[in-house]
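K.L.:
Sending over a structure as structure tokens; questions will come in a sec.
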Amino acid sequence: MRVTVVGSGTASLRLRRRHSCVVVETGAEVLVFDLGFRAVRGLRRAGVHPVEVDRVFLTHFHGDHTADLIPFLLHRRFGRRSGDKTPVRGSLTVTGPEPFPGFWRSSVRSLNGEAPEVLALPSAAEKGAEVPLKLPGASLSWAPAKHRPESIAYRLESGGRTLVITGDTEYAESVVALSRGAHAALVDCSFPDERPVPGHLTPHGVARLASEAGVERVVLTHIGPQAERLDLAREVARGYSGEVLVAEDGLRFEV
Ligand SMILES: [Zn+2]
Ligand SMILES: [Zn+2]
Numbered sequence: 001m002r003v004t005v006v007g008s009g010t011a012s013l014r015l016r017r018r019h020s021c022v023v024v025e026t027g028a029e030v031l032v033f034d035l036g037f038r039a040v041r042g043l044r045r046a047g048v049h050p051v052e053v054d055r056v057f058l059t060h061f062h063g064d065h066t067a068d069l070i071p072f073l074l075h076r077r078f079g080r081r082s083g084d085k086t087p088v089r090g091s092l093t094v095t096g097p098e099p100f101p102g103f104w105r106s107s108v109r110s111l112n113g114e115a116p117e118v119l120a121l122p123s124a125a126e127k128g129a130e131v132p133l134k135l136p137g138a139s140l141s142w143a144p145a146k147h148r149p150e151s152i153a154y155r156l157e158s159g160g161r162t163l164v165i166t167g168d169t170e171y172a173e174s175v176v177a178l179s180r181g182a183h184a185a186l187v188d189c190s191f192p193d194e195r196p197v198p199g200h201l202t203p204h205g206v207a208r209l210a211s212e213a214g215v216e217r218v219v220l221t222h223i224g225p226q227a228e229r230l231d232l233a234r235e236v237a238r239g240y241s242g243e244v245l246v247a248e249d250g251l252r253f254e255v
């Protein structure tokens, strides 16, 4: 899997960090997780045109994860210049946690673009992953995250490799269980340990989660302005012996 962190920031808008968005290329499909503000521009900068994307998955409905949903759909329909050779993939599926249909109707009411297939994932399970969703070349499971009532984290498996995307969350046993043995986890690291905010992780929480789950490598993302000033990799390494990467917009890595 080739992973590109398109947006590594929080709702506190900073020029150097877009809102949340991650692209995963499995070889069979192009998957996007969350579409925060300026994600479409970031996708283009990463060389990914929205028409190439097969599936969008949302972790929850906060604006810093969903604001570019409409620009994304409009860009799929109208964003191709004449003569553009970017191959158009098949239909698009947009997937999110329950109650997804209500969110979808209110968000795209005025959309003058493509109407994709919409799929809702139940997030009511207390612990552990639901039955995996079979995708071409990959399988996806999910579990409740501790942030908003609908919040879920995702676990993607492809070619014997495993990636976890926590979305926004604080420490949660359900996310530890979902992350068990993952080769890489893209983890919320919004705030410093001295200034924790409910619903998010700090370096200490990241270390605890990643250690308990036995994750091989963590990539810190959703980095707020206060956390930005810290040596986050070093802080996480105090309680975690695996590899730590600090995401920037455009960071690309293989899993
Ligand atoms: Zn967020
Ligand atoms: Zn959020």
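Last residue of the sequence shown: number 255 in UniProt numbering, and the count goes up by one each step with no gaps. Quick reminder that beta carbons are idealized off the backbone N, C-alpha and C, glycines included. Because the structure is a prediction, the values reported are computed rather than measured.
Under the three-state reduction of DSSP, which class applies to E228: helix, strand or coil?
P.N.:
Along the sequence shown, read from residue 1 onward, the residue named residue 228 stands at position 228. Residue state, collapsed to three classes: helix.
K.L.:
Between the C-alpha atoms of residue 258 and R2, what's the straight-line distance to the nearest angstrom?
P.N.:
Not covered by the structure: residue 258. The range shown for the chain is 1 to 255.
K.L.:
In or out: D249 buried (at least 16 other Cβ within 10 Å) or exposed?
P.N.:
In the sequence shown, counting from the first residue as 1, residue 249 sits at position 249. Classification of D249: buried, given that the 10 Å Cβ count is 16 or more.
K.L.:
Take V51 as the anchor and find which of P101, R76, G42, D34 has the nearest alpha-carbon.
P.N.:
For the purposes of this step, residue 51 is taken as residue 51 along the sequence shown, with counting starting at 1. When each option's Cα is compared against that of V51, the closest is R76.
K.L.:
What did DSSP end up calling V6 once you bin it into helix, strand or coil?
P.N.:
The residue labelled residue 6 in the question sits at position 6 within the sequence shown. Here V6 sits in strand by DSSP.
K.L.:
With a threshold of 8 Å (Cβ to nearest heavy atom), would S8 be considered close to ligand 2?
P.N.:
As a position in the sequence shown, residue 8 is number 8, starting the count at 1. Checking every heavy atom of ligand 2 against the Cβ of S8, none is found closer than 8 Å.
K.L.:
Would L230 and V244 be called neighbours here (beta carbons separated by less than 9 Å)?
P.N.:
The residue labelled residue 230 in the question sits at position 230 within the sequence shown. The residue labelled residue 244 in the question sits at position 244 within the sequence shown. Going by C-beta atoms, L230 is not nearer than 9 Å to V244.
K.L.:
Alpha carbons only, please: which of G7, A138, T162 is nearest the one belonging to G181?
P.N.:
Against the sequence shown, residue 181 aligns to sequence position 181. Closest option to G181, Cα to Cα, is T162.
K.L.:
Given E29, which residues of its chain have a CB within under 6 Å of its CB, disregarding the five upstream and five downstream residues?
P.N.:
In the sequence shown, residue 29 corresponds to position 29, counting from 1. D54, P136.
K.L.:
If you follow the beta strand (DSSP E) that E254 is part of, which residue opens it and which one closes it?
P.N.:
Translated into the one-based positions of the sequence shown, residue 254 becomes position 254. E254 -> beta strand (DSSP E) spans 251-254.
K.L.:
Do A184 and V206 come within 9 Å of each other at the CB atom, strictly closer than that value?
P.N.:
One-based indexing of the sequence shown puts residue 206 at position 206. One-based indexing of the sequence shown puts residue 184 at position 184. Not in contact: V206 and A184 (Cβ atoms no closer than 9 Å).
K.L.:
Would you check if the distance between the CB atom of E235 and the CB atom of P203 is smaller than 9 Å?
P.N.:
Here residue 235 corresponds to residue number 235 of the sequence shown, with the count starting at 1. Here residue 203 corresponds to residue number 203 of the sequence shown, with the count starting at 1. In this structure, P203 lies closer than 9 Å to E235 by Cβ.
K.L.:
Return the residue from the list H200, R105, L15 that minimises the CA-CA distance to D188.
P.N.:
Along the sequence shown, one-based indexing puts residue 188 at 188. The option with the nearest alpha carbon to D188 is H200.
K.L.:
Have a look at E150, D64, S141 and flag the residue whose alpha-carbon is nearest the alpha-carbon of P100.
P.N.:
Your numbering for residue 100 matches position 100 in the sequence shown. Here residue 100 is Phe; the residue named in the question, Pro, does not match the sequence. Among E150, D64, S141, the Cα nearest to that of F100 belongs to E150.
K.L.:
Mapping DSSP to helix, strand and coil, what is E194?
P.N.:
Position 194 of the sequence shown, counted from the start, is the residue given in the question as residue 194. Residue state, collapsed to three classes: coil.
K.L.:
Mapping the DSSP letters down to three states, classify F33 as helix, strand or coil.
P.N.:
As a first step, residue 33 must be located in the sequence shown, where it is residue number 33. In this structure, F33 counts as strand in the three-state DSSP scheme.
K.L.:
Relative to ligand 1, is the shortest distance from any of its heavy atoms to the C-beta of G36 smaller than 8 Å?
P.N.:
Residue numbering aside, residue 36 sits at position 36 when the sequence shown is read from its first letter. Yes, the Cβ of G36 comes within 8 Å of a heavy atom of ligand 1.
K.L.:
With distances taken from CA atoms, which of G83, F103, G224 is nearest S8?
P.N.:
On the sequence shown, position 8 is the one that residue 8 refers to. Among G83, F103, G224, the Cα nearest to that of S8 belongs to G224.
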